[in-house]
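Have a look at the structure below, then the notes.
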Amino acid sequence: MSIEQKMTSLRNELREHNYKYYVLDEPSISDYEFDMKLKELQTLEAEYPGFQDPTSPTLRVGGMVTKNFETVPHEHRMYSLDNSYSKEDLEDWEKRIQRILGDAEVEFTCELKYDGASISLTYENGFLVKAVTRGDGFQGDDVTNNIKTIKSVPLQLKGDYPSKFDIRGEIILTLEGFAKMNAERVEAGEDPYMNPRNTASGSLKLQDSALVAQRPLECLLYSIAGDNLGLTSQFEVLEKARVWGFKVPAVAKLCKSTAEVMQFTDYWAIHRHELPYETDGVVVKVNSIQQQEELGYTAKSPRWAMAYKFKAEQATTTLNKITYQVGRTGAITPVANLAPVLLAGTTVKRASLHNADQIAKIDVREGDTVFVEKGGEIIPKIVGVDFTKRSVDSEPTKYIENCPECGTELIRKEGEAQHFCPNDIGCPPQITGRIQHFISRKAMDIEGLGGETVELLFKEGLIGNYADLYILTKEQILPLERMADKSAENLVNGVQASKAIPFERVLFALGIRYVGETVAKKLAKAFKDIEALMAASEEDLVAVDEIGERIAASVVSFFSEPANVAIIERLKSYGLQFSLSEAQLENQTELLKGNTFVISGVFETISRNDLKKLIEDNGGKVSSSISSKTNFLVAGDNMGPSKRTKAEGLGVPIISEQEFLQKLNV
Ligand code: AMP
Ligand code: ZN
Numbered sequence: 155m156s157i158e159q160k161m162t163s164l165r166n167e168l169r170e171h172n173y174k175y176y177v178l179d180e181p182s183i184s185d186y187e188f189d190m191k192l193k194e195l196q197t198l199e200a201e202y203p204g205f206q207d208p209t210s211p212t213l214r215v216g217g218m219v220t221k222n223f224e225t226v227p228h229e230h231r232m233y234s235l236d237n238s239y240s241k242e243d244l245e246d247w248e249k250r251i252q253r254i255l256g257d258a259e260v261e262f263t264c265e266l267k268y269d270g271a272s273i274s275l276t277y278e279n280g281f282l283v284k285a286v287t288r289g290d291g292f293q294g295d296d297v298t299n300n301i302k303t304i305k306s307v308p309l310q311l312k313g314d315y316p317s318k319f320d321i322r323g324e325i326i327l328t329l330e331g332f333a334k335m336n337a338e339r340v341e342a343g344e345d346p347y348m349n350p351r352n353t354a355s356g357s358l359k360l361q362d363s364a365l366v367a368q369r370p371l372e373c374l375l376y377s378i379a380g381d382n383l384g385l386t387s388q389f390e391v392l393e394k395a396r397v398w399g400f401k402v403p404a405v406a407k408l409c410k411s412t413a414e415v416m417q418f419t420d421y422w423a424i425h426r427h428e429l430p431y432e433t434d435g436v437v438v439k440v441n442s443i444q445q446q447e448e449l450g451y452t453a454k455s456p457r458w459a460m461a462y463k464f465k466a467e468q469a470t471t472t473l474n475k476i477t478y479q480v481g482r483t484g485a486i487t488p489v490a491n492l493a494p495v496l497l498a499g500t501t502v503k504r505a506s507l508h509n510a511d512q513i514a515k516i517d518v519r520e521g522d523t524v525f526v527e528k529g530g531e532i533i534p535k536i537v538g539v540d541f542t543k544r545s546v547d548s549e550p551t552k553y554i555e556n557c558p559e560c561g562t563e564l565i566r567k568e569g570e571a572q573h574f575c576p577n578d579i580g581c582p583p584q585i586t587g588r589i590q591h592f593i594s595r596k597a598m599d600i601e602g603l604g605g606e607t608v609e610l611l612f613k614e615g616l617i618g619n620y621a622d623l624y625i626l627t628k629e630q631i632l633p634l635e636r637m638a639d640k641s642a643e644n645l646v647n648g649v650q651a652s653k654a655i656p657f658e659r660v661l662f663a664l665g666i667r668y669v670g671e672t673v674a675k676k677l678a679k680a681f682k683d684i685e686a687l688m689a690a691s692e693e694d695l696v697a698v699d700e701i702g703e704r705i706a707a708s709v710v711s712f713f714s715e716p717a718n719v720a721i722i723e724r725l726k727s728y729g730l731q732f733s734l735s736e737a738q739l740e741n742q743t744e745l746l747k748g749n750t751f752v753i754s755g756v757f758e759t760i761s762r763n764d765l766k767k768l769i770e771d772n773g774g775k776v777s778s779s780i781s782s783k784t785n786f787l788v789a790g791d792n793m794g795p796s797k798r799t800k801a802e803g804l805g806v807p808i809i810s811e812q813e814f815l816q817k818l819n820v
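Going from the sequence shown to the numbering used here is simple: count from 1 and add 154.
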C-alpha cells in the first residue's frame, strides 16, 4: 500500500469510528486504539503535507486560532420561534393554521427544544464549508474552525445528499460533560461555569480551537434550508439528516392532532429530566413542507412552528439577607438567604448569587421579593426581582469590601469574576478549607475524620494547619462534643495510616492553587521528590509537558512562603511520603538526563507513546519540534524530508529506533 493509500484508509477508518462513537453512541474500538490510529495519521500528515485532506479526522483536535470572527450573511434567514405556554395557546395556534389552510388535514412533528446555541452549517457537495452562529438571524459569526472540532458534526456526508444546503441545529453540552468540566475547574481553583447553555455558546467564540476540541460539545440537528431539496415533510428531514450522518435526537414524534401533541408535551414536561441534556420545551412544526410554504412567516418567526415552553420550576419568596462565604482558596461567594419555599419538590432556603457582577446585573437587594429557579445546576439561583414589591426605602446592595471572616480588604484580579480574601494564612475558613481539602478522599483520604470535626478541632485550638493533625492525641480529642472513645481512636488511627499515601497525592493534598490531581501527578513524576520541586524555577516547571505559566507561578509562590515550607518540613518529620516510592521509580533512570528528543515517523518494535514514556522515565524530555535545543531526532519509518533537512541544518544527530534502544540497553 502506498503512503497516500495508507493515509486514506486510516482517515476512513477514523471517520467511521468517530461516527459510531459520537453520532450512534456505539463505539466499537477502545479510546486507546483510536488515539493510536489518530496519532499515526497525524504523524503521516506532518511528514507528507502533500497528501492533506480538508476533512481529515485530525482536524478534530483543533489548533487553528481565530483572532476575529468574521461576520457573514446567512443565505437563508434564521428565524425565531413563537412561544406558547398552555394547551389553549396551542389550540389557538392550530385554529389560526386551519383558517389559512382551509380544511386540509394537518399533521405535526413534535421535537424537543434543546437549550444551547443555534448554529447553521453549510454543506456543498457533501463537505462542511461553513458554520455560522445565529447572530441577528440575517448574519452571524463564522465559527467554522471551532465547529470542525465537534466530533458529531460530519465533515463529509454519507449517502444521497443534496448538492448544497444549510442545516440548522443546536450546539449543546451534556449535563454530564458540563459537570465534569466544572469539577475539573473547581479542583484547579477556578470558578465553575454557571450553566451548560452559556458555556456552550461561549465555547463557540473561543479563539483557540484546540480548547474547543477539549470541551464535550455536541451538535443536534433539526432543520434544513435550501433550494429544490426534494424533501416533503419535517419528519422526512429528520430521517434523511440522520442517514447523511448527522446526529438527530431519537425523540421526535409525528402527531395527527393537537391532542397527540399535548400527550407528547405532557410526557416530556416530566421526563425531560431523564435526558442527558437540558431542554426548555417542545417545538411543534407543521409536518408538510408544502403546507409550511403556504403558511409562510411573520416578521420574526415561521407561522408553521410553535415552541411550547415547559413551566420553569420557579418560585417567589423573600430574600432576607445576603451573606458571603469564603472558600478554601479565599474566593468569596455571595449567598441569598431566603424565606423557605417549596421548589421542584424540595424546600429551598439558600440560593447562589455567584458574584458582584451578577448582583449588580439583576439589581437584587435585601428585603426584595425574588424569583428562584432550579435549572441544570444543583444550587437554585435567583433569576430576577419583583420590582413592584420593592419597598421605597430599599437601597442598592453594596458589595462587601472586607473579608467577612477576618476583615482583610478583598481583592479582585483583572479578568476574574470573583473577589478574593488575600489573607490565606490567617483567614479561618481558608485554614479549615485547606485542612478539609487535605483530608478529602482523593487527597489523604483520612478515615474517621470529617469536615465538621475539622472545624471543631480548629475552633478548640487543637489544629491550626494540616501538619497539626499528626500530633493529635486521643486524650486531646476525647473531651470534644459528641466524641466517643471509639471515634477518637479511629481518628488518630486514620491520621497515622495516611502516612502511607503516595507522593503525588500528598502533593495534591497540599492545596497549591491550580495543582489538581492530574497536575500533581505530572509534577511528582517530573521532579520525583519535594526537594527538587521546591528548588524548581518557573522555567523548570514550564519545561514539564502540559505545565503552563499560571501553574508554574502558583507553585513557585507557594514554596516561597516560609510558613508553607515550615509545614512541609514538619510533615516530612512525621513520615509522610515526599518522594516517589521504589516501585514508582522502578525502570526509571537518569540515563537520558539533560537530553531533549524529537520523535518522528512510525516505529517497528515500540509505539510512539511507549517511546515517549521510555524517554521520560529515563530522565529525558520529549519535544514536538526540532530546534537548536534538540539533542537527538529519533527517526522511524517514513520520516518526512523536511524534518531531516531541518535536523541536518541544525546539526542534530539523527538516530534510529535501534540506536535509541541501545542507549538504554534494552
Ligand atoms: P427562541 O430563541 O426562544 O426564539 O427559540 C428559537 C430557537 O430555538 C431557535 O433559534 C433554535 O436555536 C432553538 N431550538 C432548539 N430546539 C429546536 C428544534 N427542535 N427546532 C427548532 N428550533 C429549536
Ligand atoms: Zn479572610
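Even for Gly, the Cβ is constructed at its ideal location relative to N, Cα and C.
A quick note: this is a predicted structure, and the numbers were derived from the prediction, not measured.
Check	Outcome
Just the residues with CB closer than 6 Å to a heavy atom of the ligand ZN, in chain order, which are they?	Val480, Cys557, Glu559, Cys560, Thr562, Cys575, Asn577 and Cys581
Check whether the stretch 179-198 touches the stretch 328-341, taking contact to mean three or more Cβ pairs, one atom from each stretch, closer than 8 Å.	no
Would you decide whether aspartate 851 is buried or exposed? Buried here means 16 or more other CB atoms lie within 10 Å of its CB.	A query on residue 851 cannot be resolved here, the shown segment of the chain reaching from 155 to 820 and no further.
Relative to the C-alpha of aspartate 236, which candidate in Leu626, Tyr462 and Thr472 has its C-alpha closest?	Tyr462
Tell whether a beta-carbon distance below 8 Å holds between glycine 313 and valine 397.	yes
Taking the alpha-carbon positions, what's the glycine 530 to methionine 348 distance?	Note on glycine 530: pLDDT 49, under 50, position unreliable in the model; the coordinate value appears next. C-alpha separation (whole angstroms): 9 Å.
Would you tell me roughly how many angstroms separate the C-alpha atoms of aspartate 694 and proline 308, rounded to the nearest one?	41 Å
Could you spell out the range, first to last residue, of the beta strand (DSSP E) harbouring valine 440?	433-440
If contacts are defined as beta-carbon pairs under 8 Å, then asparagine 441 and leucine 408 qualify, I think. What distance do you get, rounded to the angstrom?	6 Å
Please report how far the alpha carbon of alanine 621 lies from the alpha carbon of glutamine 479, in whole angstroms.	25 Å
What are the boundary residues of the alpha helix (DSSP H) that methionine 335 is part of?	329-341
Would you check if the distance between the CB atom of isoleucine 254 and the CB atom of glutamate 549 is smaller than 8 Å?	no
Is it right to say alanine 505 is buried, meaning 16 or more other beta carbons lie within 10 angstroms of its own, or is it exposed?	buried
Is threonine 471 buried or exposed, if buried means 16 or more other CB atoms sit within 10 Å of its CB?	buried
Under a three-way DSSP split, which group does isoleucine 655 fall into?	coil
With 16 other CB atoms within 10 Å as the buried threshold, where does proline 807 fall?	exposed
For leucine 616, which three-state DSSP category applies?	coil
Which residues in the same chain as glycine 291 place their Cβ atom closer than 6 Å to its Cβ, once the five residues preceding and following it in sequence are excluded?	Arg231 and Met232
How would you write the range of the alpha helix (DSSP H) that asparagine 474 sits in, first residue to last?	Taken as a continuous stretch (DSSP letters only), asparagine 474 belongs to no alpha helix (DSSP H), being part of the beta strand (DSSP E) at 468-480.
Taking 7 Å as the limit between beta carbons, can you name the residues of its chain near alanine 571, skipping five residues before and five after?	Asp345, Asn509 and Asp511
Along the beta strand (DSSP E) that carries isoleucine 585, what are the first and last residues, could you check?	Per DSSP, isoleucine 585 belongs to no beta strand (DSSP E); it is in the alpha helix (DSSP H), 582-593.
Can you find a heavy atom of the ligand AMP that lies under 7 Å from the Cβ of serine 274?	no
Thinking aspartate 791 and glycine 755 are a contact (beta carbons under 8 Å), I'd like their distance in whole angstroms, please.	5 Å
Between glycine 323 and chain B, is any beta-carbon pair separated by less than 8 Å?	In the displayed structure, chain B is absent; only one protein chain is listed.
Got a sec: does the ligand AMP put a non-hydrogen atom nearer than 7 Å to the Cβ of lysine 465?	no
Could you check the C-alpha separation between threonine 419 and histidine 228 for me, to the nearest Å?	31 Å
Which residue or residues does DSSP assign as beta-bridge partners of isoleucine 273?	Thr287 and Gly323
Looking at C-beta atoms only, is the number of pairs between the stretch 180-192 and the stretch 311-327 that lie closer than 8 Å three or more?	no
Considering only the alpha carbon of each residue, which of Leu623, Ser306 and Glu245 lies closest to isoleucine 722?	Leu623
If contact is defined by three or more beta carbon pairs under 8 Å, each pair taking one atom from either stretch, is the stretch 358-368 in contact with the stretch 201-220?	yes
Any idea which residues DSSP pairs tyrosine 462 with across the strands?	Ser238 and Val436
Could you check how far apart the C-beta atoms of glutamate 601 and glycine 665 are, in whole angstroms? I think they sit under 8 Å.	Going by Cβ atoms, the distance from glutamate 601 to glycine 665 rounds to 20 Å, so no, they are not a contact pair.
Assign lysine 613 to one of two classes, buried (16 or more other C-beta atoms within 10 Å of its C-beta) or exposed (fewer than that).	exposed
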